[in-house]
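**Q** My questions will all concern the structure given below.
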Ligand code: MTE
């Protein structure tokens, strides 16, 4: 992502270039990556081998959520990632293979009946999995569409039994600078944190993702468990979640902590509200070379717009 870093002198200028200006097939080929070799992708084959939950995939598709465009090829989405723990470039897919995703225990705590820990395989078995086709719109003005596998966050909230009146869910990524070189950059506010309101967590669209393309999630996409709220900018989709806390304090996200004038809590997609440094009116659809108009709520308004009635004073679109 694109921030004016507090210590701008430590970051090369090219890293402040919006990525849609340099993503193209030629660059991928220059990097020596032949397209179409899906089975060779780091993380994609690896995600299936030795995965105790492999039998849960592919999950049955929930046909409720339809797309207005084709799916983005797996060999594009799995080589073009934002996962700052492994570096600021888009091609962190190899570096991300160092992340050990088993055992993977998630701590669920805060204002709930009884805090607990649960292993990812137990959690998936308990929740049951389904597939949903969702768009993802990055704040950097590119987008993709992925067949995600996972379960509605609502089910996890019900499992946790929150106390009445709880307002927010705070989610936190792993913290292990030995594995994740980005986390050795101590001036960043690690671990990566994101949050949603309880109403957002209970919205039917909010999806806890554990797989994609009919397989367990590749590490570069945030294995073994991440969030995806398709009407919000992609940075809300915290990867490799280790802890979920129910709280009445609005969580301060990683990007908000870094640059609050540019990235806020709500981050709902809106083409009419520009980022302070670039327009959000259009987006590059990865893998096509096309720019298309961006849709308000990323096209999911019928499911989510009502949640924000009465909140107009909030900065809903950053
Ligand atoms: N989660 C963590 N832990 N670290 C990150 O750097 N980047 C976010 C989000 N989740 C990020 C993260 C951003 S900016 C985007 S656009 C999406 O992940 C990208 O998801 P993808 O790489 O699977 O496409």
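Residue numbers (my numbering): 1 to 318.
Even for Gly, the Cβ is constructed at its ideal location relative to N, Cα and C.
Can you look up residue 14 in the DSSP assignment and give me helix, strand or coil?
**A** With a pLDDT of 37 at residue 14, under the threshold of 50, the modelled position of this residue cannot be trusted, and the question is left open.
**Q** Exposed or buried, residue 67, counting other C-beta atoms within 10 Å across all chains shown (16 or more means buried)?
**A** Classification for residue 67: exposed.
**Q** Pair every Cβ in the stretch 176-193 with every Cβ in the stretch 241-258, then say whether three or more of these pairs are closer than 8 Å.
**A** Judged by Cβ distances under 8 Å, the stretch 176-193 makes contact with the stretch 241-258, as three or more pairs qualify.
**Q** Taking 7 Å as the cut-off, is the CB of residue 213 close to at least one heavy atom of the ligand MTE?
**A** The answer is no for residue 213.
**Q** Could you have a look at residue 91 and say whether DSSP puts it in helix, strand or coil?
**A** Residue state, collapsed to three classes: coil.
**Q** Tell me, to the nearest whole angstrom, how far the beta carbon of residue 147 is from that of residue 131; I am working on the premise that it is less than 8 Å.
**A** Residue 147 to residue 131, Cβ: 5 Å. Contact.
**Q** Hey, how far is the Cα of residue 234 from the Cα of residue 136?
**A** Their Cα atoms are separated by approximately 6 Å.
**Q** Could you check whether the Cβ of residue 173 sits closer than 7 Å to any heavy atom belonging to the ligand MTE?
**A** Yes, the Cβ of residue 173 comes within 7 Å of a heavy atom of the ligand MTE.
**Q** Round the Cβ separation of residue 171 and residue 120 to the nearest angstrom and send it over; I've been treating them as touching at under 8 Å.
**A** Their Cβ separation, rounded to whole angstroms, is 14 Å, which puts residue 171 and residue 120 out of contact at 8 Å.
**Q** Quick one: any contact between the stretch 204-222 and the stretch 268-288, if contact means 3 or more CB pairs under 8 Å?
**A** No, the stretch 204-222 does not touch the stretch 268-288.
**Q** Taking 7 Å as the cut-off, is the CB of residue 240 close to at least one heavy atom of the ligand MTE?
**A** At least one heavy atom of the ligand MTE is nearer than 7 Å to the Cβ of residue 240, so yes.
**Q** Starting from residue 241 and walking both ways along the beta strand (DSSP E), at which residues does that stretch end?
**A** It spans 241-247 - the beta strand (DSSP E) in which residue 241 sits, taken as one unbroken run.
**Q** Strictly under 8 Å for the Cβ-Cβ distance: is residue 94 near chain D by that measure?
**A** Here chain D cannot be found, since the structure has a single protein chain.
**Q** Taking all protein chains shown into account, do 16 or more other C-beta atoms lie within 10 angstroms of the C-beta of residue 226, making it buried, or fewer, making it exposed?
**A** By the neighbour-count rule (16 or more Cβ atoms within 10 Å), residue 226 is buried.
**Q** So, residue 239 versus residue 294, is the Cβ gap smaller than 8 Å?
**A** No, they are not a contact pair.
**Q** Which value, in whole angstroms, describes the spacing of the CA atoms of residue 260 and residue 267?
**A** Approximately 12 Å, taken between the alpha carbons.
**Q** Is residue 259 near the ligand MTE, judged by its Cβ being under 7 Å from some heavy atom?
**A** For the ligand MTE, not one heavy atom lies less than 7 Å from the Cβ of residue 259.
**Q** Hey, out of 275, 205 and 299, whose CA is closest to residue 150's CA?
**A** Checked all of 275, 205 and 299; the closest Cα to residue 150 is 205.
**Q** Run through DSSP, which three-state label would residue 268 get?
**A** Of the three classes helix, strand and coil, the one that applies to residue 268 here is strand, per DSSP.
**Q** Using only the heavy atoms of the ligand MTE, determine whether one of them is closer than 7 Å to the beta carbon of residue 77.
**A** Because some heavy atom of the ligand MTE lies under 7 Å away, the Cβ of residue 77 counts as near it: yes.
**Q** Roughly how far, in whole angstroms, is the beta-carbon of residue 105 from the beta-carbon of residue 118, given that I think they are within contact range, below 8 Å?
**A** That pair is a contact at about 7 Å.
**Q** Terminal residues of the continuous alpha helix (DSSP H) containing residue 200?
**A** Per DSSP, residue 200 belongs to the alpha helix (DSSP H) from 198-202.
**Q** By how many angstroms is the C-alpha of residue 123 removed from the C-alpha of residue 51?
**A** Their backbone Cα atoms lie some 14 Å apart in a straight line.
**Q** For residue 61 and residue 304, what's the separation of their Cα atoms in angstroms?
**A** Straight-line Cα distance between these residues: approximately 21 Å.
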